Amino acid sequence: MNVSDLQTVATNVVLYLALACFLVVAARNVISVFQLIVAAWVFATRIRPGKNSVELWQRYGDLALPVSVIAPAFNEELSIVNSVKALLALEYPHHEVIVVNDGSKDDTLGTLIRDFDMEACNRTQIATLQKTAILGTWRSRRYPNLLVIDKENGRKADAANAGIGFARTPLVCVIDADSIIESDGLLRAAEPFMHDNGQLMAVGGTIRIANGCEIEGGSIRKIGVAKALVPRFQIVEYLRAFLSCRVANAHTNTLMLISGAFGMFRRDALIEIGGYRHDTVGEDLELVVRIHRHMREQRRKYAIKFVPDVVCWTEAPANLAGLKGQRARWQQGALETLQRHRRMIFNPRYGRIGMIGMPQLILEDVIGPPSEILGYFVVPAAILMGVLEPIMALAFLGLTVLFGTGLSLGSLALEEVQLRRTPTARDLFRIGEAALIENFGFRQVNLLYRLRGIRSFFRSETRWEGVPRAGFGKPDL
């Protein structure tokens with residue numbers, strides 16, 4: 380093969396790679412636009428839930444099923460008191476709070492014992508799902524519905540399983556210890572179970588960023604928007620994910636993920652499938668996919684729903700250093716789930732989960748990130764080599780920037796019309812500004828973090844990089 384032939388081969392390779400990247404990005408954007416349209420239609424046609432907790436209480440106070448709120452905690456001494464206070468203050472007829480101290484190296488356990496007047500107790504575990512040893516159980520003298528479990532470190536999935544094993548209620552709500560549920564959130568999440576005939580397995584809610592909010596006594600006193608750009612970028616991401624993607628997927632019965640920050644489950648269903656897996660860093664995604672798989676293989680009717688009016692506030696990484704480990708872990712967890720349940724992909728036995736849900740995960744988590752990163756290099760290269768018109772570069776830029784910004788602004792519009800958790804026009808403008816700016820730097824860095832997760836997956840790495848926490852209520856976050 381002479382030099383001319385090599386140049387021809389190289390030119391063709393660059394051209395086909397550029398076109399492939401363009402098609403992948405276009406496919407992802409088409410799906411996102413479809414999801415936004417479906418979400419808008421759902422919001423426009425749905426029956427609005429009760430406007431306030433008083434109305435919900437009057438409607439469901441006698442019907443509400445008891446709930447155990449399980450909060451795994453690892454090195455959470457900065458925010459654990461506020462979080463537990465918020466959980467205890469939830470407006471719900473019958474709920475217990477179970478905090479699982481997962482072998483924290485800081486003073487999480489001591490803080491709980493001192494601030495909530497805890498005493499040792501002998502609570503019996505009725506289902507053993509965790510792999511590590513239970514070191515002790517503690518009951519609050521001041522709050523009879525507060526239980527603390529102290530155990531050896533086994534990561535979040537193991538801690539959640541321990542809490543599920545100690546729960547006595549038909550419903551369990553698993554949240555992050557650094558999260559704050561709005562006071563009526565538990566009632567709103569439990570509402571679908573009150574009208575259910577036993578088929579509803581799980582309910583998810585909207586996650587919002589607490590950075591920049593004023594928090595007092597474990598409750599959101601004033602909603603705000605962080606000054607720093609990294610948390611603001613995450614507000615944009617979360618709006619797209621929850622008010623567009625999750626709403627649409629739930630409506631089409633292809634909801635594949637209930638966020639680990641908040642989810643309500645039928646307890647017997649979790650025990651039936653063995654609880655959360657311990658050998659993945661993406662336990663929340665894997666759990667929901669396994670519920671789908673189990674119910675499909677059992678040929679049982681079931682449902683998994685999303686209630687956008689359930690709002691849970693969580694502290695997001697305040698800088699890129701904290702974001703890096705989180706996004707790499709999410710990416711690795713998605714790949715582990717796809718590998719473990721690969722027989723479901725394009726398998727009609729699993730219905731729309733196998734034919735739509737799983738392929739969508741492949742597009743988003745396997746093909747999408749590398750293709751977009753590659754596109755930033757091969758599209759300019761193809762133009763320089765004269766095999767691609769400059770208009771294609773503009774089209775690629777439009778797909779990655781204009782579509783991304785438009786989708787973000789559309790999700791922000793849904794938030795303003797439906798949830799109204801952005802208090803001022805100035806805050807709306809700051810979020811809209813972040814929706815544009817994120818395309819120039821943050822999006823690309825985030826893709827690199829996801830590539831890092833892909834590398835970790837192929838290396839079979841099992842380390843867990845914790846996200847640094849500054850504590851709730853810091854105004855500069």
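Each number in the numbering used here comes from the position in the sequence shown (counting from 1) with 379 added on.
For each residue, glycine too, the CB sits at the ideal point set by N, CA and C.
Computed from a prediction, not measured in an experiment: that's the story for all the values here.
Practice task
With DSSP collapsed to three states, give me the class of Gln823.
Solution key: For the purposes of this step, residue 823 is taken as residue 444 along the sequence shown, with counting starting at 1. Note: Gln823 maps to helix in three-state DSSP.
Exercise for the section: Label Met580 either buried or exposed according to how many other C-beta atoms from any shown protein chain fall within 10 Å of its C-beta, with 16 as the threshold for buried. Expected result: As a first step, residue 580 is located in the sequence shown; it is residue number 201 there, counting from the start. With 16 or more Cβ atoms within 10 Å of its Cβ, Met580 is classed as buried.
Practice task
Pick helix, strand or coil for Val686, following the three-state DSSP scheme.
Solution key: Position 307 of the sequence shown, counted from the start, is the residue given in the question as residue 686. In this structure, Val686 counts as strand in the three-state DSSP scheme.
Handout entry: N-terminal and C-terminal residue of the alpha helix (DSSP H) that Glu616 is part of
Key = Here the question's residue 616 lines up with position 237 in the sequence shown. Note, Glu616: alpha helix (DSSP H), Leu608 to Arg619.
Handout entry: Inter-residue CB distance, Glu531 and Ala512 (contact presumed, cutoff 8 Å)
Key = As a first step, residue 531 is located in the sequence shown; it is residue number 152 there, counting from the start. As a first step, residue 512 is located in the sequence shown; it is residue number 133 there, counting from the start. Correct: roughly 5 Å between the Cβ atoms.
Problem - Limits of the unbroken alpha helix (DSSP H) element including Thr631 - result: Numbered from 1 along the sequence shown, position 252 holds the residue referred to as residue 631. From DSSP, Thr631 is part of no alpha helix (DSSP H); its letter is neither H nor E.
Practice task
Using 10 angstroms around the beta-carbon of Phe641, count the other beta-carbons present and answer buried if the total reaches 16, otherwise exposed.
Solution key: Translated into positions along the sequence shown, residue 641 becomes position 262. Classification of Phe641: buried, given that the 10 Å Cβ count is 16 or more.
Exercise for the section: Please classify Ala450: does DSSP put it in a helix, a strand, or coil? Expected result: Here residue 450 is taken as the residue at index 71 of the sequence shown, counted from 1. In the structure shown, Ala450 sits in a strand (DSSP, three-state: E or B).
Practice task
Check whether the Cβ atoms of Val690 and Arg619 lie closer than 9 Å to each other.
Solution key: For the purposes of this step, residue 690 is taken as residue 311 along the sequence shown, with counting starting at 1. For the purposes of this step, residue 619 is taken as residue 240 along the sequence shown, with counting starting at 1. No, the Cβ-Cβ distance between Val690 and Arg619 is not below 9 Å.
Exercise for the section: Spatial neighbours of Asp494 within its chain, please: CB distance less than 7 Å, with the 5 preceding and 5 following residues excluded, ordered by chain position. Expected result: Translated into positions along the sequence shown, residue 494 becomes position 115. Val460.
Exercise for the section: Would you kindly check if the distance between the Cβ of Glu616 and the Cβ of Gln711 is under 9 Å? Expected result: Numbered from 1 along the sequence shown, position 332 holds the residue referred to as residue 711. Numbered from 1 along the sequence shown, position 237 holds the residue referred to as residue 616. In this structure, Glu616 does not lie closer than 9 Å to Gln711 by Cβ.
Problem - Three-state secondary structure assigned by DSSP to Leu666 - result: Along the sequence shown, read from residue 1 onward, the residue named residue 666 stands at position 287. If DSSP states are grouped into helix, strand and coil, Leu666 belongs with the helices.
Exercise for the section: Ignore the nearest five residues each way along the sequence and tell me which others in Val393's own chain have a CB closer than 7 Å to its CB. Expected result: In the sequence shown, the residue the question calls residue 393 occupies position 14. Counting only Cβ-Cβ distances below 7 Å, and skipping sequence neighbours, we find Val757, Ala760, Ala761, Met764 and Val766.
Handout entry: Of the listed residues Arg646, Val668, Ala539 and His673, nearest to Gln718 (C-alpha basis)
Key = For the purposes of this step, residue 718 is identified with residue 339 of the sequence shown, where counting begins at 1. Here the closest residue by C-alpha is Val668.
Exercise for the section: Kindly give me the distance between the Cβ atoms of Gly789 and Leu444, rounded to whole angstroms, as I take these residues to be in contact under 8 Å. Expected result: For the purposes of this step, residue 789 is taken as residue 410 along the sequence shown, with counting starting at 1. For the purposes of this step, residue 444 is taken as residue 65 along the sequence shown, with counting starting at 1. That belief does not hold up - the Cβ atoms of Gly789 and Leu444 are roughly 36 Å apart, past 8 Å.
Practice task
Say whether the segment 464 to 474 touches the segment 534 to 541, bearing in mind that this needs 3 or more beta-carbon pairs closer than 8 Å, one atom from each stretch.
Solution key: no
Practice task
Please report how far the alpha carbon of Ala389 lies from the alpha carbon of Lys484, in whole angstroms.
Solution key: Counting from 1 along the sequence shown, the entry for residue 389 is found at position 10. Counting from 1 along the sequence shown, the entry for residue 484 is found at position 105. Between Ala389 and Lys484, the C-alpha separation is close to 54 Å.
Exercise for the section: Indicate whether the contact test is met: 3 or more Cβ pairs, each with one atom in the segment 542 to 555 and one in the segment 671 to 682, closer than 8 Å. Expected result: no
Exercise for the section: Leaving out five residues on either side along the sequence, give the residues of the same chain with a beta carbon under 7 Å from the beta carbon of Ile652. Expected result: Locating residue 652 in the sequence shown gives position 273, counting from the first residue. The answer, listed in chain order, is Arg669, Ile670 and His673.
Problem - Exposure of Lys535, with buried meaning 16 or more beta-carbon neighbours within 10 Å - result: Position 156 of the sequence shown, counting from 1, holds the residue named residue 535. The residue is buried, with at least 16 neighbouring Cβ atoms inside 10 Å.
Handout entry: Whole-number beta carbon distance between Ile732 and Thr633, since they are thought to touch under 8 Å
Key = As a working note, residue 633 is residue 254 in the sequence shown. As a working note, residue 732 is residue 353 in the sequence shown. Thr633 to Ile732, Cβ: 6 Å. Contact.
Handout entry: Alpha-carbon spacing of Val551 relative to Ala772, whole angstroms
Key = Here residue 551 refers to the residue found at position 172 when the sequence shown is read from its first residue. Here residue 772 refers to the residue found at position 393 when the sequence shown is read from its first residue. So the alpha carbons of these two residues sit roughly 50 Å apart.
Exercise for the section: Between the Cα of Asp555 and those of Met573, Val604, Asp441 and Asn454, spot the shortest distance and give me the residue it belongs to. Expected result: Position 176 of the sequence shown, counted from the first residue, corresponds to residue 555. When each option's Cα is compared against that of Asp555, the closest is Asn454.
Handout entry: Beta-carbon proximity of Ala814 to Gly783, cut-off 9 Å
Key = The sequence position of residue 814 within the sequence shown is 435, counting from 1. The sequence position of residue 783 within the sequence shown is 404, counting from 1. Yes, the pair counts as a contact, with Cβ atoms nearer than the cut-off.
Problem - Check whether Asp806 and Val604 have beta carbons under 9 Å apart - result: In the sequence shown, residue 806 corresponds to position 427, counting from 1. In the sequence shown, residue 604 corresponds to position 225, counting from 1. Against a cut-off of 9 Å, the Cβ pair of Val604 and Asp806 comes out as a contact.
Practice task
Say whether the segment 518 to 531 touches the segment 496 to 504, bearing in mind that this needs 3 or more beta-carbon pairs closer than 8 Å, one atom from each stretch.
Solution key: yes
Exercise for the section: Could you tell me the distance, in whole angstroms, from the CA atom of Val412 to the CA atom of Arg646? Expected result: Taking the first residue of the sequence shown as 1, we reach residue 412 at position 33. Taking the first residue of the sequence shown as 1, we reach residue 646 at position 267. So the two alpha carbons sit approximately 35 Å from each other.
Practice task
Grab the span of the beta strand (DSSP E) containing Arg600 for me, first residue to last.
Solution key: As a first step, residue 600 is located in the sequence shown; it is residue number 221 there, counting from the start. Element bounds for Arg600: Ser598 to Lys601.
Exercise for the section: Assign His720 to one of three DSSP states: helix, strand, or coil. Expected result: Along the sequence shown, read from residue 1 onward, the residue named residue 720 stands at position 341. Coil.
Practice task
Express the C-alpha separation of Leu798 and Gly515 in angstroms, rounding to a whole number.
Solution key: Your numbering for residue 515 matches position 136 in the sequence shown. Your numbering for residue 798 matches position 419 in the sequence shown. Taking the straight line from one Cα to the other gives about 41 Å.
Practice task
Please report the residue range of the beta strand (DSSP E) in which Ile735 lies.
Solution key: Within the sequence shown, the letter at position 356 stands for residue 735. Element bounds for Ile735: n/a, residue is neither H nor E.
Practice task
Verify whether the separation of the beta carbon atoms of Trp692 and Ile810 is less than 9 Å.
Solution key: Looking up residue 692 in the sequence shown gives position 313. Looking up residue 810 in the sequence shown gives position 431. Not in contact: Trp692 and Ile810 (Cβ atoms no closer than 9 Å).
Practice task
Please determine, among Glu715, Phe572 and Ser835, the residue with the shortest C-alpha to C-alpha distance to Phe644.
Solution key: Locating residue 644 in the sequence shown gives position 265, counting from the first residue. Comparing Cα positions, the closest option is Phe572.
Exercise for the section: Kindly indicate if chain E contains any beta-carbon less than 9 Å away from that of Glu561. Expected result: Although the question refers to chain E, the structure presented lacks it and comprises just one protein chain.
Exercise for the section: Grab the span of the alpha helix (DSSP H) containing Arg645 for me, first residue to last. Expected result: Mapped onto the sequence shown, residue 645 falls at position 266. It is not in any alpha helix (DSSP H) - Arg645 instead sits in the beta strand (DSSP E) that spans Phe641 to Arg645.
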